[in-house]
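K.L.:
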Amino acid sequence: GESVGLHLPTLSVQEGDNSIINCAYSNSASDYFIWYKQESGKGPQFIIDIRSNMDKRQGQRVTVLLNKTVKHLSLQIAATQPGDSAVYFCAEIGLHPGTYKYIFGTGTRLKVLA
Amino acid sequence: KAGVTQTPRYLIKTRGQQVTLSCSPISGHRSVSWYQQTPGQGLQFLFEYFSETQRNKGNFPGRFSGRQFSNSRSEMNVSTLELGDSALYLCASSLSRGGRQYNEQFFGPGTRLTVL
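Residue numbers (the working numbering), protein chains in the order written: chain A, 1 to 114; chain B, 1 to 116.
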């Protein structure tokens, strides 16, 4: 499949360890934040979202933390597996009259080492 | 339920040519958004269509255009192709029920366009 991004920052993690991927967002008025996973040759896939009035949300093996003070978002993946290897990026969503607008980060490549 | 489909998956064109990409949303989804994805810029929003009307537009030149049909299928067209238009073009569909809750976007696999 095609490579999503050749010049992305890369995080290499040993299988079984926890991964932490970070994202800085720009708009303090954003209403929601989403983390996406994109595997080679595929479109982005929703992982987890968080509303702006929350600071933490947990899913299956994933946790998203939101720090509005410094406009920072992080994705924690527990017990990282080979299938987690992909590009991860965040998106901030602003609600506008009649529609909503997505702004995406550029992404981080996660490599899981066996 | 079938996912978002995009055709063609790969395309090679030369500078100056024009290209049309197609997107079929998930059945029942009425909103279709298009994005350009490049290694340096990430995903950049092109436009959004809802009920055959362009509802939102990104900061791309007029060479980029789109349309949506009554069955919610959408096409985007790029005229007078430039080398910098080489990218992965992604389509995403959503229910777009409106209200305060955003509607999750479901992405297709994309069309990889290479301009020579």
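Ideal placement from N, C-alpha and C gives every residue a C-beta, glycine not left out.
In this text, all values refer to a predicted model and were calculated from it rather than measured experimentally.
If you measure beta-carbon to beta-carbon, which residues of the segment 44 to 73 of chain A are closer than 9 angstroms to chain B?
P.N.:
Within the segment 44 to 73 of chain A, those residues whose Cβ lies closer than 9 angstroms to any Cβ of chain B are, in chain order, 44, 45, 46 and 49.
K.L.:
Can you check whether the C-beta of residue 111 (chain A) is within less than 7 angstroms of a C-beta belonging to chain B?
P.N.:
Position 111 of the first sequence, counting from 1, holds the residue named residue 111 (chain A). Residue 111 (chain A) does not count as touching chain B.
K.L.:
The segment 54 to 82 of chain B: which residues have C-beta closer than 7 angstroms to a C-beta of chain A, in chain order?
P.N.:
55 and 56
K.L.:
For residue 69 (chain B), count neighbouring Cβ atoms within 10 angstroms of its own Cβ and tell me buried if that reaches 16, exposed if not.
P.N.:
For this step, residue 69 (chain B) is matched to residue 69 along the second sequence. Exposed, because fewer than 16 other Cβ atoms sit within 10 Å of the Cβ of residue 69 (chain B).
K.L.:
Nearest chain B C-beta to residue 42 (chain A) closer than 7 angstroms, yes or no?
P.N.:
By 1-based counting over the first sequence, the position of residue 42 (chain A) is 42. So yes, residue 42 (chain A) belongs to the interface.
K.L.:
So residue 15 (chain A) and residue 80 (chain A) are supposed to be a Cβ contact under 8 angstroms. How far apart are they, rounded?
P.N.:
Within the first sequence, the letter at position 15 stands for residue 15 (chain A). Within the first sequence, the letter at position 80 stands for residue 80 (chain A). Yes, residue 15 (chain A) and residue 80 (chain A) are in contact; Cβ-Cβ is about 6 angstroms, under 8 angstroms.
K.L.:
Taking Cβ positions only, does residue 5 (chain A) come closer than 7 angstroms to chain B?
P.N.:
For the purposes of this step, residue 5 (chain A) is taken as residue 5 along the first sequence, with counting starting at 1. Any reading at residue 5 (chain A) is ruled out, since the residue's pLDDT is 46, under 50, leaving its predicted position unreliable.
K.L.:
In whole angstroms, give me the CA-to-CA distance for residue 31 (chain A) and residue 84 (chain B).
P.N.:
For the purposes of this step, residue 31 (chain A) is identified with residue 31 of the first sequence, where counting begins at 1. For the purposes of this step, residue 84 (chain B) is identified with residue 84 of the second sequence, where counting begins at 1. Answer to the nearest angstrom: the Cα atoms are 32 angstroms apart.
K.L.:
Taking 7 angstroms as the cut-off, decide whether the C-beta atoms of residue 112 (chain A) and residue 74 (chain A) are in contact.
P.N.:
Your numbering for residue 112 (chain A) matches position 112 in the first sequence. Your numbering for residue 74 (chain A) matches position 74 in the first sequence. No, the Cβ-Cβ distance between residue 112 (chain A) and residue 74 (chain A) is not below 7 angstroms.
K.L.:
Could you list which residues in chain A have their beta carbon closer than 8 angstroms to that of residue 109 (chain B), in chain order?
P.N.:
Mapped onto the second sequence, residue 109 (chain B) falls at position 109. Residues of chain A passing the Cβ test: 41, 42 and 43.
K.L.:
Quick check: the Cα distance between residue 56 (chain A) and residue 49 (chain A), rounded to an integer number of angstroms?
P.N.:
Locating residue 56 (chain A) in the first sequence gives position 56, counting from the first residue. Locating residue 49 (chain A) in the first sequence gives position 49, counting from the first residue. Their Cα atoms are separated by approximately 10 angstroms.
K.L.:
So, does the CB of residue 25 (chain A) fall closer than 7 angstroms to a CB anywhere in chain B?
P.N.:
For the purposes of this step, residue 25 (chain A) is taken as the residue at position 25 of the first sequence. Chain B contact via Cβ: absent.
K.L.:
Once you ignore the five residues that flank residue 10 (chain B) on each side, which residues in its own chain have a CB closer than 6 angstroms to its CB?
P.N.:
Within the second sequence, the letter at position 10 stands for residue 10 (chain B). Closer than 6 angstroms at Cβ, skipping near neighbours: 112.
K.L.:
Applying the 10 Å Cβ sphere with the 16-neighbour rule, what's the burial state of residue 116 (chain B)?
P.N.:
For the purposes of this step, residue 116 (chain B) is taken as the residue at position 116 of the second sequence. Burial call: exposed.
K.L.:
Name, in chain order, the residues that DSSP records as bridge partners for residue 48 (chain B).
P.N.:
The sequence position of residue 48 (chain B) within the second sequence is 48, counting from 1. Per DSSP, B:33 and B:56.
K.L.:
Please list the partners that residue 32 (chain A) has in chain B, where partner means a Cβ-to-Cβ separation under 8 angstroms.
P.N.:
Residue mapping note: residue 32 (chain A) aligns to position 32 of the first sequence, counting from 1. Chain B residues near residue 32 (chain A): 102.
K.L.:
What is the rounded straight-line gap between the Cα of residue 32 (chain B) and the Cα of residue 59 (chain B)?
P.N.:
Counted from its first residue, the second sequence places residue 32 (chain B) at position 32. Counted from its first residue, the second sequence places residue 59 (chain B) at position 59. Each residue's alpha carbon lies about 17 angstroms from the other.
K.L.:
Of the residues A:44, A:52, A:43 and A:37, which one's Cα is nearest the Cα of residue 94 (chain A)?
P.N.:
Numbered from 1 along the first sequence, position 94 holds the residue referred to as residue 94 (chain A). Comparing Cα-Cα distances from residue 94 (chain A) to each of A:44, A:52, A:43 and A:37, the minimum goes to A:52.
K.L.:
With a threshold of 7 angstroms between beta-carbons, can residue 43 (chain B) be considered close to chain A, or not?
P.N.:
Start at 1 with the first residue of the second sequence, and residue 43 (chain B) comes out as number 43. For residue 43 (chain B), the answer is yes, since a Cβ of chain A falls inside 7 angstroms of its Cβ.
K.L.:
Under the rule that 16 or more other beta-carbon atoms within 10 Å means buried, what is residue 15 (chain B), buried or exposed?
P.N.:
Translated into positions along the second sequence, residue 15 (chain B) becomes position 15. Answer is exposed; the Cβ neighbour count stays below 16.
K.L.:
Could you have a look at residue 20 (chain A) and say whether DSSP puts it in helix, strand or coil?
P.N.:
Here residue 20 (chain A) refers to the residue found at position 20 when the first sequence is read from its first residue. Residue 20 (chain A): strand per DSSP, three-state reduction.
K.L.:
Is there at least one Cβ from chain A nearer than 7 angstroms to residue 90 (chain B)'s Cβ?
P.N.:
Translated into the one-based positions of the second sequence, residue 90 (chain B) becomes position 90. True, the Cβ-Cβ gap to chain A drops below 7 angstroms.
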